[in-house]
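Taking the numbering used here as reference, the numbering of the sequence shown is continuous, increasing by one, and the terminal residue is 233. Where is the CB? At the ideal position from N, CA and C, for every residue including glycine.
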Amino acid sequence: MGVAVPPVVAVHGPDMARRLFVGLIHPEREMAGVAYLDGSGRLLGLRHVAGGRDWSAVPPRTVVTDALAFDARAAVVAHNHPSGCACPSEADRAFTRVLAQALAAVEVRLHDALILTVEETTSFRALGLL
Numbered sequence: 104m105g106v107a108v109p110p111v112v113a114v115h116g117p118d119m120a121r122r123l124f125v126g127l128i129h130p131e132r133e134m135a136g137v138a139y140l141d142g143s144g145r146l147l148g149l150r151h152v153a154g155g156r157d158w159s160a161v162p163p164r165t166v167v168t169d170a171l172a173f174d175a176r177a178a179v180v181a182h183n184h185p186s187g188c189a190c191p192s193e194a195d196r197a198f199t200r201v202l203a204q205a206l207a208a209v210e211v212r213l214h215d216a217l218i219l220t221v222e223e224t225t226s227f228r229a230l231g232l233l
């Protein structure tokens, strides 16, 4: 299970979310994380998952289970691309669609999906993909 944190940090926009996930930026392997938010965008908890050399996976079932445990109303998912390219792959897009649908089934909104590199952040919401 992720770590519960006091609801004092509000997450509004990809720049604030990037700060939550800065620990995911890893030069050799993909890593992923999920931030769980209340209805006002305040942080309720985080989960980080280490991946492999070219993949990171947070099972949608785990995200939904954590969202319910935190009584979250929204979530932000993020993962890094060690390649340095923050462009979403087709696999990134497909995973995000599946995750958004799984969360919606329990009335939790996928607020954003982020791809992080050392130099940039790509927001699926800003690209119109959510």
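- Excluding its 5 nearest sequence neighbours in each direction, residue 183 has C-beta neighbours in its own chain below 7 Å: 127, 128, 129, 133, 134, 219 and 220, listed in chain order.
- The DSSP assignment places complete beta strand (DSSP E) segments of no fewer than 3 residues inside the segment 155 to 193 at 177 to 183, in order along the chain.
- Around the beta-carbon of residue 215, 16 or more other beta-carbon atoms lie within 10 Å, marking it buried.
- For residue 132, there is no enclosing beta strand (DSSP E), since its DSSP letter is neither H nor E.
- Under the three-state reduction of DSSP, residue 148 is assigned to strand.
- In this model, residue 169 and residue 178 are separated by some 10 Å (Cα to Cα).
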